[in-house]
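Right, one structure below, let's go through it.
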Amino acid sequence: MDRKVLHQTNKTDNLKSAIYDLGDIVFYAEIGELHLKSSGEQIHIERKVSQVLQCLAISPNQVVTRQTIFDTVWPNMTVSDDSLNRCIAMLRKIFRQHDLNVVIKTHPKVGFHLTIDEIDAPEKNIRSNGLGNQIQTEPSIDGQECMNRPHAPSATKRVKVWPSKLATISFAVVFCLITILSFWLTQPLQVSSSLTAQRIIILPFATKNEGLSNYQPLANAIRRKVANHPYHTTVAESELDNTIHLSNREIGARYSAKFIVSGEIKHSQTRDILQWQLVDAQTGDILLSKQLNLKLQSLMTSSQIVMTDIIATLGNTLYANNTEEHVNYIVESASALFNPAESWQQHRPIITLVAKAVVDIDSESVVALKALARFLTQTMWPLGYQNLPYSNLAIRVLEKAAVISPTDIELYQLLMRIHALQYNWSAASETVALAQSSIANLDHRFDDMQAEMKMISGQASPSLITYFQHAHQNEPLDRYYLLSLTQLYLLSGQHKAAYLAQTNIIQATYNWQFHGIALGQLCIEFGDLNGGKQLVWSGYEYLGVPIQYQSDIEKLYQQKTPDYLALSRLEKATENGEILASTLLFMYGSLGLVDKYYDVALSLIDNYQFNFLSLINLHSEKLIQHPRFPALVKKLGLLEFWQATAFPSYCQNNGKNICLTPT
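Shown next as structure tokens:
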């Protein structure tokens, strides 16, 4: 198959990035994403796996030697074959799971080559999505060197972070704070790594009392977490036949396992105890033995506690002599376990693990400190005040990193965003000034940072709109620019224009997280009821709404007047703790229930759980012009900040400042 690649030149370091048309998928090499043409699903792959795939994608149907890949992906480093084999195995697993026509063939002791089954449909699909005229046939990277780029990020390289793009593209951005921050916070942590996959066998937990059988799913919950982990693999319970008479070493040999988790659930007075252990399957040595009181937490929380203990132990066991890989393993493992829709109790052991591990491993590593800060702030939304101590720790971590590396502008960008998450606008502004005074040779990233500061503090201006329009023109395929353009039209009441803009987004279907609510509303408004309901539900599902409430969510939006019985059931679920209170902001705002909206919004600010994005929907104008809007911006601290700097243009309405006094 002919290679097709769209390449762009980075203004900072002239690195070339590429988009490869590979049969059933489109491979975005720079950001490590595979886009499935049939469903539009996006799959994120880690950096080393992405680099290995790019080596093969540059020369399809040609053998690429192992040495060529090693020299490119791990330059000037000594690594084992396991590192490359793990990357190949992860790619093959993805291709198999999604039934793709992309195959990686092995040439023993030589290398690998990528093959694509030739079909006409992908060519048609890629052109229908607007990429056809821009896909060229030149390689983005020299074919002999495969990827001529640094193997680790540096302060001088422009790091691709979605929010730094978003910082240039807003309109009335007091409403777009979480538009920026949520993209940044919910992106998978990208940490360079050559970690080797480890197979962990989770044996069924033994019980001596039939009354304890309700805990048996705990082993399966742990097994699922291992199976979904980027550096662990396991086998299904059904495969673990006749292991009861085998020793740990025999089980390890049978299933090619490195480690085994076994346990027994016991009843002791008023407690139900899990006595479990982690065993080296090669030697039979017990690496960890612990007890867990099962009555003190839920099934899922118990599985998280066990998993974090496993990760901490394996990190110390496998990477004790390699600081960078140790940190990478801990942070990436925690990122794989973290789910923003889960409860605080389930997050807590993961957060504690990362914070303690990074500090213990190397408290002077800027890479480690940045990884820790990203992870800590990733957990802040939607948990709000419950995670405030961790965001404060993230601030201290970044301040320390800035002392060690004062010219790393990414540190200041992260610090500015965290201050904004805490509604500390003055501190965020001071961070911009600190970056300006600390870095001698400022580049366009500082311009992005200044624009983003205006965005997140609500100081929208016509120049920012122009900046956004130019950014969209320069990168018309960027889905985040399209999303922001849709939101701009929504905020200005131009619903038809918003719908036309969002059709370009929907063509390239993507997991839009909670943005699906506003996008789905537009679809329903202009006649696509089924597609709209699916998008709306996907938004609420991301926010953690249980599946049993899907029909109630759909009933709210399928008619002009919401189903108030369905709404009452959802409100009751919130009272019972099944749904986050911040989710009500999206319901009330998108349904135009303004008074209910402000009742919840003003109460959530104190807990750092207010979400500005909930203001962007078909009823944005009604929400903005409501008499309680000034009270909202005042409680957020924006009013005082604007008075000291400048009021945004949207505050002016017929010569009256609606941000100071009610309309």
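Residues 1 to 663 in UniProt numbering are what the sequence shown spells out, letter by letter.
Here a beta-carbon is modelled for each residue, glycine too, at the ideal position from N, C-alpha and C.
These numbers were taken from a predicted model, which means no experiment stands behind them.
Task: Proximity winner among GLU325, ILE222, GLU621, relative to SER590 (alpha-carbon distances) - done: Mapped onto the sequence shown, residue 590 falls at position 590. Taking each of GLU325, ILE222, GLU621 in turn and checking the Cα distance to SER590, the smallest one comes out for GLU621.
TODO: State the beta-bridge partners of ASP280 as determined by DSSP.
DONE: Taking the sequence shown and counting its residues from 1, the one referred to as residue 280 is at position 280. Its beta-bridge partners are PHE259.
Task: Whole beta strand (DSSP E) elements within the segment 525 to 587, 3-residue minimum - done: DSSP runs (the beta strand (DSSP E)) wholly in the segment 525 to 587: none.
TODO: Please go through the same chain and pick out, in chain order, the residues whose beta-carbon is closer than 6 Å to the beta-carbon of HIS626, but skip the five residues on each side of it.
DONE: Locating residue 626 in the sequence shown gives position 626, where the first residue counts as 1. Result list for HIS626: VAL594, in chain order.
Task: beta strand (DSSP E) segment containing ASN293, residue limits - done: Counting from 1 along the sequence shown, the entry for residue 293 is found at position 293. That run of the beta strand (DSSP E) goes 286 to 293.
- [ ] Would you list the one or two residues that DSSP bridges to VAL64?
- [x] Residue mapping note: residue 64 aligns to position 64 of the sequence shown, counting from 1. Per the DSSP secondary-structure output, VAL64 pairs in a beta bridge with PHE112.
Task: Check whether ARG628 and TYR598 have beta carbons under 8 Å apart - done: For the purposes of this step, residue 628 is identified with residue 628 of the sequence shown, where counting begins at 1. For the purposes of this step, residue 598 is identified with residue 598 of the sequence shown, where counting begins at 1. Cβ distance < 8 Å, so ARG628 and TYR598 count as in contact.
Open item on the list: Out of ASP71, ARG86, ALA57, which one is the CA nearest neighbour of VAL103?
Closed with: Within the sequence shown, the letter at position 103 stands for residue 103. Cα-wise, what sits closest to VAL103 is ALA57.
Task: Selected residue, minimal CA-CA separation from LYS356, among ASN322, VAL397, ALA336, ASN321 - done: The sequence position of residue 356 within the sequence shown is 356, counting from 1. The shortest C-alpha separation from LYS356 is found at VAL397.
TODO: Answer yes or no: do residue 712 and GLN422 have a C-beta to C-beta separation smaller than 8 Å?
DONE: No information on residue 712 is available, as it lies outside the stretch 1 to 663 that the chain covers here.
TODO: Starting from ILE104, trace the beta strand (DSSP E) both ways and give me its first and last residue.
DONE: Counting from 1 along the sequence shown, the entry for residue 104 is found at position 104. Its beta strand (DSSP E) spans residues 102 to 107.
Open item on the list: Output needed for SER247: all residues of its chain with C-beta closer than 8 Å, excluding positions within five of it in sequence on either side, in chain order.
Closed with: As a position in the sequence shown, residue 247 is number 247, starting the count at 1. These residues qualify, in order along the chain: GLY284.
- [ ] Compute the distance between the beta-carbons of ALA420 and ALA433, then report whether it is under 8 Å.
- [x] Residue 420 sits at position 420 when you count from the first residue of the sequence shown. Residue 433 sits at position 433 when you count from the first residue of the sequence shown. Cβ atoms of ALA420 and ALA433: not closer than 8 Å.
- [ ] Look at the alpha carbon of THR661 and the alpha carbon of PRO630, and state the distance between them as a whole number of angstroms.
- [x] Taking the sequence shown and counting its residues from 1, one reaches residue 661 at position 661. Taking the sequence shown and counting its residues from 1, one reaches residue 630 at position 630. THR661 and PRO630: Cα-Cα distance of roughly 6 Å.
- [ ] Measure the C-alpha to C-alpha separation of LEU485 and ALA498 and round it to an integer number of angstroms.
- [x] Within the sequence shown, the letter at position 485 stands for residue 485. Within the sequence shown, the letter at position 498 stands for residue 498. Those two C-alpha atoms are separated by around 7 Å.
Open item on the list: In this structure, how does DSSP classify HIS619 when only helix, strand and coil are distinguished?
Closed with: In the sequence shown, counting from the first residue as 1, residue 619 sits at position 619. Three-state result, HIS619: coil.
TODO: Kindly indicate which residue of GLY111, LYS48, ILE116, ALA206 has the alpha-carbon position closest to the one of MET90.
DONE: Translated into the one-based positions of the sequence shown, residue 90 becomes position 90. For the residues GLY111, LYS48, ILE116, ALA206, the minimum Cα distance to MET90 belongs to LYS48.
- [ ] Note the first and the last residue of the continuous beta strand (DSSP E) segment covering PHE647.
- [x] The residue you call residue 647 lines up with position 647 of the sequence shown. Taken as a continuous stretch (DSSP letters only), PHE647 belongs to no beta strand (DSSP E), as it is neither H nor E.
TODO: Indicate whether the contact test is met: 3 or more Cβ pairs, each with one atom in the segment 545 to 556 and one in the segment 519 to 526, closer than 8 Å.
DONE: Output reads no: the segment 519 to 526 does not touch the segment 545 to 556.
Task: Close-in-space but distant-in-sequence residues of the same chain around LEU369 (CB under 6 Å, 5 per side omitted) - done: Mapped onto the sequence shown, residue 369 falls at position 369. VAL397, ALA401, listed in sequence order.
Task: Option in ILE19, PHE647, ASP24, GLU30 with minimal Cα separation from ARG96 - done: Translated into the one-based positions of the sequence shown, residue 96 becomes position 96. Of the candidates ILE19, PHE647, ASP24, GLU30, the one whose C-alpha sits nearest the C-alpha of ARG96 is ASP24.
Open item on the list: Let's test the definition: count the other Cβ atoms within 10 Å of the Cβ of GLU332 and tell me whether it reaches 16, buried, or not, exposed.
Closed with: Position 332 of the sequence shown holds residue 332. Looking at its Cβ environment, which holds 16 or more other Cβ atoms inside 10 Å, GLU332 is buried.
Task: CB of GLN304 within 8 Å of CB of SER289, strictly - done: Locating residue 304 in the sequence shown gives position 304, counting from the first residue. Locating residue 289 in the sequence shown gives position 289, counting from the first residue. No.
Open item on the list: Can you look up PHE95 in the DSSP assignment and give me helix, strand or coil?
Closed with: As a working note, residue 95 is residue 95 in the sequence shown. In the structure shown, PHE95 sits in a helix (DSSP, three-state: H, G or I).
Task: Assigned secondary structure, SER484 (DSSP; H/G/I helix, E/B strand, else coil) - done: Against the sequence shown, residue 484 aligns to sequence position 484. Three-state result, SER484: helix.
Task: residue 678 versus LEU482: straight-line alpha-carbon distance, rounded - done: In the structure as shown, the chain begins at 1 and stops at 663. Residue 678 is therefore absent and cannot be evaluated.
Task: Straight-line gap, VAL633 to THR301 (C-alpha atoms, nearest Å) - done: Taking the sequence shown and counting its residues from 1, the one referred to as residue 633 is at position 633. Taking the sequence shown and counting its residues from 1, the one referred to as residue 301 is at position 301. The straight-line gap separating the alpha-carbon atoms of VAL633 and THR301 is approximately 37 Å.
Open item on the list: Spatial neighbours of GLY539 within its chain, please: C-beta separation below 6 Å, excluding the five flanking residues on both sides.
Closed with: Position 539 of the sequence shown, counted from the first residue, corresponds to residue 539. In chain order, PHE514, GLY516, ILE517 place their CB closer than 6 Å to the CB of GLY539, counting only its own chain and leaving out the 5 sequence neighbours on each side.
Open item on the list: Rounded to the nearest angstrom, what separates ALA334 and THR352 at their Cα positions?
Closed with: What you label residue 334 is simply residue 334 of the sequence shown in a count that begins at 1. What you label residue 352 is simply residue 352 of the sequence shown in a count that begins at 1. Here the C-alpha atom of ALA334 lies approximately 10 Å from the C-alpha atom of THR352.
TODO: Could you name the residues of the same chain whose beta carbon sits closer than 8 Å to that of LYS596, not counting the 5 residues immediately before and after it, in chain order?
DONE: By 1-based counting over the sequence shown, the position of residue 596 is 596. Correct list, in chain order: LEU584, TYR588.
Task: Residue interval of the alpha helix (DSSP H) (run including ILE418) - done: As a working mapping, residue 418 is identified with position 418 in the sequence shown. Unbroken alpha helix (DSSP H) run through ILE418: 409 to 421.
Open item on the list: Less than 8 Å between the C-beta atoms of LEU414 and ARG374, yes or no?
Closed with: As a working note, residue 414 is residue 414 in the sequence shown. As a working note, residue 374 is residue 374 in the sequence shown. The Cβ atoms of LEU414 and ARG374 sit closer than 8 Å to each other.
Open item on the list: Is it buried or exposed, GLN643, if we count other Cβ atoms within 10 angstroms and call 16 or more buried?
Closed with: Locating residue 643 in the sequence shown gives position 643, where the first residue counts as 1. Per the 10 Å Cβ criterion, exposed.
Task: Of the residues LEU36, LYS37, GLU41, CYS87, the one placed nearest GLN54, counting alpha carbons only - done: Position 54 of the sequence shown holds residue 54. Cα-wise, what sits closest to GLN54 is CYS87.
TODO: Rounded to whole angstroms, what's the CA-CA distance from HIS232 to HIS470? Just pull it up for me.
DONE: Here residue 232 refers to the residue found at position 232 of the sequence shown. Here residue 470 refers to the residue found at position 470 of the sequence shown. Here the C-alpha atom of HIS232 lies approximately 44 Å from the C-alpha atom of HIS470.
Task: Assigned secondary structure, GLN187 (DSSP; H/G/I helix, E/B strand, else coil) - done: Position 187 of the sequence shown, counted from the start, is the residue given in the question as residue 187. Annotation note: pLDDT 42 at GLN187 (below 50); position unreliable, coordinate value reported separately. Residue state, collapsed to three classes: coil.
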